[in-house]
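Engineer: Numbering (this note's numbering), first residue to last: 4 to 76.
This structure is in structure tokens; I'll ask about it shortly.
The following block contains the structure:
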């Protein structure tokens, strides 16, 4: 299972009526990986920390928000 697929690869173009089956499969693979990773992070981060970080649907945005919120000097 490529749970980190969406971190390693950029988000593919959104699915359209003209999308090929390969493009649809690639997007679905990326989307599933993103959804699983976001859920995993949300279950591992304490509620106190989650309250300080905005909600994000994209794992890269979520990780950046966590990093920005808790950066140390």
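Quick reminder that beta carbons are idealized off the backbone N, C-alpha and C, glycines included.
Secondary structure at residue 12, three-state DSSP: helix, strand or coil?
Structural biologist: What you label residue 12 is simply residue 9 of the chain shown in a count that begins at 1. DSSP places residue 12 in coil when its eight states are reduced to three.
Engineer: How big is the Cα-Cα spacing for residue 17 and residue 54?
Structural biologist: In the chain shown, residue 17 corresponds to position 14, counting from 1. In the chain shown, residue 54 corresponds to position 51, counting from 1. For residue 17 and residue 54, the distance between alpha carbons rounds to 30 Å.
Engineer: Taking C-beta to C-beta, are residue 47 and residue 33 nearer than 8 Å?
Structural biologist: Looking up residue 47 in the chain shown gives position 44. Looking up residue 33 in the chain shown gives position 30. Not a contact, by the Cβ cut-off of 8 Å.
Engineer: Assuming residue 27 is part of the alpha helix (DSSP H), what are its boundary residues?
Structural biologist: Taking the first residue of the chain shown as position 1, residue 27 is located at position 24. Start and end: 24-47.
Engineer: Tell me the residue span of the alpha helix (DSSP H) that contains residue 64.
Structural biologist: Against the chain shown, residue 64 aligns to sequence position 61. It spans 62-72 - the alpha helix (DSSP H) in which residue 64 sits, taken as one unbroken run.
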